[in-house]
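Here's the structure we're looking at; comments come further down.
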Amino acid sequence: KIRYSCGEKRRGMKKKVLIIGGGGREYSIGYFMKDEAEIYYAPGNGATEEFATNIDIKDFEELANWAKENKIDLTIVGPEDQLVKGIVDVFKSYGLTIFGPSKEAARLEGSKVYMKNFLKKYNIPTARYIETSNAKKAYDFIDKMDKLPIVVKADGLCAGKGVIIAQSKDEAKKTVDEMLSGKAFGEAGKKVIVEEFLDGYELSMFAICDGKDFVLLPAAQDHKRLKDNDEGPNTGGMGAYAPTPLVNEELYQKVKDRIIRPTLDGMKKEGSPFEGVLFIGIMVVNGEPITLEFNVRFGDPECEILMPLMTSSVSDMFYKASTNKLSEIKVEFSKQYAVGVVMASGNYPYSSSTPAEIILDDVKHDEIAKNTHISFAGVSMEDDKLYADGGRVLVCVGLGDTIKRARDRAYLRCGQVHFAGKKIRTDIA
Numbered sequence: 099k100i101r102y103s104c105g106e107k108r109r110g111m112k113k114k115v116l117i118i119g120g121g122g123r124e125y126s127i128g129y130f131m132k133d134e135a136e137i138y139y140a141p142g143n144g145a146t147e148e149f150a151t152n153i154d155i156k157d158f159e160e161l162a163n164w165a166k167e168n169k170i171d172l173t174i175v176g177p178e179d180q181l182v183k184g185i186v187d188v189f190k191s192y193g194l195t196i197f198g199p200s201k202e203a204a205r206l207e208g209s210k211v212y213m214k215n216f217l218k219k220y221n222i223p224t225a226r227y228i229e230t231s232n233a234k235k236a237y238d239f240i241d242k243m244d245k246l247p248i249v250v251k252a253d254g255l256c257a258g259k260g261v262i263i264a265q266s267k268d269e270a271k272k273t274v275d276e277m278l279s280g281k282a283f284g285e286a287g288k289k290v291i292v293e294e295f296l297d298g299y300e301l302s303m304f305a306i307c308d309g310k311d312f313v314l315l316p317a318a319q320d321h322k323r324l325k326d327n328d329e330g331p332n333t334g335g336m337g338a339y340a341p342t343p344l345v346n347e348e349l350y351q352k353v354k355d356r357i358i359r360p361t362l363d364g365m366k367k368e369g370s371p372f373e374g375v376l377f378i379g380i381m382v383v384n385g386e387p388i389t390l391e392f393n394v395r396f397g398d399p400e401c402e403i404l405m406p407l408m409t410s411s412v413s414d415m416f417y418k419a420s421t422n423k424l425s426e427i428k429v430e431f432s433k434q435y436a437v438g439v440v441m442a443s444g445n446y447p448y449s450s451s452t453p454a455e456i457i458l459d460d461v462k463h464d465e466i467a468k469n470t471h472i473s474f475a476g477v478s479m480e481d482d483k484l485y486a487d488g489g490r491v492l493v494c495v496g497l498g499d500t501i502k503r504a505r506d507r508a509y510l511r512c513g514q515v516h517f518a519g520k521k522i523r524t525d526i527a
């Protein structure tokens with residue numbers, strides 16, 4: 099059956115999709131919709147111009163007005179910052195179809211205190227914790243904790259860096275002081291969460307939600323530390339793979355029944371139905387899934403490995419979720435594995451790096467051409483030359499019937515990308 103995505107498709111014309119953001123996550127979403135739709139980015143990056151049109155409009159009202167005038171069928175929001183600031187509410191006020199949670203629903207990521215209290219209220223499994231802006235209360239809780247390490251989290255958005263794993267009670271107290279004083283994360287740390295450390299293995303799970311129904315995507319694992327063997331500082335993510343063999347049907351069912359379903363029901367009761375991507379950071383302890391955190395958007399680089407595994411229409415999934423019709427479609431995935439390896443700039447994650455020209459070798463082998471691709475993130479285009487601008491520059495993704503084959507292909511593609519100072523881990527997956 100041929101399915102037309104994105105609503106009433108204008109006869110003879112591709113549907114129009116606007117993607118908010120310009121990182122690897124947004125690149126991947128557009129890249130795997132480019133055959134189905136006419137893609138626009140706000141702002142996009144130097145590589146998205148290869149298959150899409152970049153729009154330089156930042157103001158939400160102005161952007162919504164542009165989308166209305168240009169008859170955009172669907173807008174997809176990538177980054178959490180715009181969601182927390184309420185871009186979805188603005189677009190909906192213009193009568194536009196947009197994928198993502200409202201400003202109220204985005205508090206599940208925007209405020210860790212709100213999220214933890216929500217979990218507690220609806221009996222969703224999570225670590226024991228205290229939330230406070232009072233240093234003495236935090237100290238008392240720390241003193242009563244019977245095991246190390248101790249987790250200290252800033253309340254607000256910190257670009258994925260507001261979580262500290264303290265190895266001693268003194269370090270935990272010092273971290274609390276630095277957060278509450280504003281020294282560590284400014285306003286985002288003026289309220290903190292101190293919680294028990296869970297000992298298990300971590301998973302990234304993503305549910306596409308339409309306020310009532312949901313589709314759970316294959317579980318992924320990412321690699322946060324900068325260096326091999328999980329050493330060095332935390333980053334936004336240095337690589338990922340999916341699906342992970344650490345998850346069986348029983349665990350998927352537990353996540354659906356104990357975490358996702360009560361979250362959607364709870365958000366409806368709160369008057370903020372959740373629409374968009376619910377990213378659940380899970381720790382599996384003795385076979386039981388415990389909620390570490392919620393994000394309200396795709397993870398990066400997990401998105402880059404999930405999009406190529408989809409065999410059903412990518413745009414259809416986003417559109418049906420945005421129009422509360424997820425139950426009408428079947429979202430399907432291949433039986434393959436995907437491995438993504440991040441290439442970062444020389445000074446990442448410590449400081450910015452000098453732009454460096456990227457040289458891409460021609461892909462000579464059919465196996466690599468058919469089973470790998472590159473998702474670009476921190477890049478710009480100047481005089482037809484692609485430059486690495488710093489941060490996480492791109493992700494080399496490999497597909498295969500086994501994790502090892504996917505991994506080998508991803509690293510072969512890495513070997514065909516060159517720029518000064520390139521930094522990768524050699525042990526992803």
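Here my numbering is used: the first residue of the sequence shown is 99, the next is one more, and so on. Using N, Cα and C, we set each Cβ at its ideal position, and we do this for glycine too.
Rounded distance between the beta-carbons of residue j and residue i, thought under 8 Å
i, j, result
"I456", "V515", "7 Å"
"L181", "F197", "Wrong, their Cβ atoms sit about 10 Å apart, outside the cutoff."
"G379", "S451", "Not really, about 28 Å apart at Cβ, beyond 8 Å."
"N346", "D525", "Contact flag wrong, Cβ pair sits at about 25 Å."
"M479", "E147", "6 Å"
"F431", "L458", "Not quite, the Cβ-Cβ distance comes to about 28 Å (not below 8 Å), so this is no contact."
"T389", "I357", "6 Å"
"V353", "L314", "7 Å"
"A436", "Y509", "Not really, about 13 Å apart at Cβ, beyond 8 Å."
Whole-angstrom distance between residue j and residue i, CA atom to CA atom
i, j, result
"A317", "G260", "24 Å"
"S231", "K272", "14 Å"
"D44", "Y237", "Residue 44 is absent from the model: the chain starts at 99 and stops at 527."
"E536", "K242", "The chain is shown only over 99 to 527; residue 536 falls outside these bounds and no answer can be derived."
"A513", "M441", "Note on residue identity: the sequence assigns Gly, not Ala, to residue 513. Going by the C-alpha atoms only, they are around 11 Å apart."
"C104", "K288", "Caution applies to C104, whose pLDDT of 45 falls short of 50 and renders its modelled position unreliable; the model cannot decide the point."
"L129", "D308", "What sits at residue 129 in the sequence shown is Tyr, not Leu. Their backbone Cα atoms lie some 23 Å apart in a straight line."
"A270", "A145", "42 Å"
"M415", "G330", "37 Å"
"G496", "K112", "29 Å"
"C528", "F312", "Nothing can be reported for residue 528, as the shown portion of the chain is limited to 99 through 527."
"I522", "I403", "17 Å"
"K267", "G444", "34 Å"
"V461", "D157", "40 Å"
"K433", "G489", "32 Å"
"N332", "V439", "16 Å"
"I185", "S200", "8 Å"
"N393", "S126", "18 Å"
"G166", "L194", "Looking at the sequence provided, one finds Lys at residue 166 rather than Gly. Each residue's Cα considered, the two are about 7 Å apart."
"K234", "D275", "10 Å"
"E373", "S420", "7 Å"
"Y448", "G280", "20 Å"
"V250", "L344", "27 Å"
"P453", "Y446", "13 Å"
"R123", "G334", "12 Å"
"V375", "M336", "21 Å"
"E293", "E207", "17 Å"
"L217", "L362", "12 Å"
"T224", "I501", "30 Å"
"Y304", "F396", "Looking at the sequence itself, residue 304 is Phe, so the reference to Tyr does not match. Their Cα atoms are separated by approximately 7 Å."
"F239", "A282", "21 Å"
Cβ neighbours of residue i in the same chain (closer than 7 Å, five flanking residues each side left out)
i, result
"A286", "A252, D253, G254, L255, C256, G260"
"I155", "A140, L161, W164"
"M131", "V115, I137, V412, S413"
"N298", "Here residue 298 is Gly; the residue named in the question, Asn, does not match the sequence. Within the same chain, G298 has close Cβ partners M381, V382, V383."
Outcome for residue i when other beta-carbon atoms lying within 10 angstroms are tallied against a minimum of 16
i, result
"E178", "buried"
"M405", "buried"
"D464", "exposed"
"K483", "exposed"
"Q265", "exposed"
"R226", "exposed"
"D398", "buried"
"E386", "exposed"
"N384", "exposed"
"L278", "buried"
"L246", "exposed"
Sequence-distant residues of the same chain with beta carbon closer than 8 Å to residue i, five excluded per side
i, result
"V477", "N143, G144, A145, I456, L484, Y485, A486, D487, V491, L492"
"K418", "D308, L424, E426, I427"
6 Å CB neighbourhood of residue i in its chain, flanking five on each side removed
i, result
"Y220", "P360, G364"
"T342", "A317, Q319"
Short CB-CB distance (under 8 Å) between residue i and chain D
i, result
"G208", "Annotation note: the requested chain D is absent from the structure, which comprises a single protein chain."
Determine contact between the region 137-157 and the region 109-125, defined as no fewer than three beta-carbon pairs at a distance below 8 Å. Taking a cut-off of 8 Å for Cβ pairs, the region 137-157 and the region 109-125 touch, as three or more such pairs fall below it.
Stretch-stretch touch, CB-based, cutoff 8 Å, three pairs: the region 363-382 with the region 321-329: The answer is no - the region 321-329 does not touch the region 363-382, with fewer than three Cβ pairs under 8 Å.
The region 470-481 contacting the region 417-427, beta-carbon criterion three pairs below 8 Å: Output reads no: the region 417-427 does not touch the region 470-481.
For the region 209-220 and the region 187-194, state whether three or more C-beta atom pairs, one from each stretch, are separated by less than 8 Å. No, the region 209-220 does not touch the region 187-194.
Check whether the region 334-351 and the region 379-389 are in contact - that is, three or more C-beta pairs closer than 8 Å. Yes, the region 334-351 touches the region 379-389.
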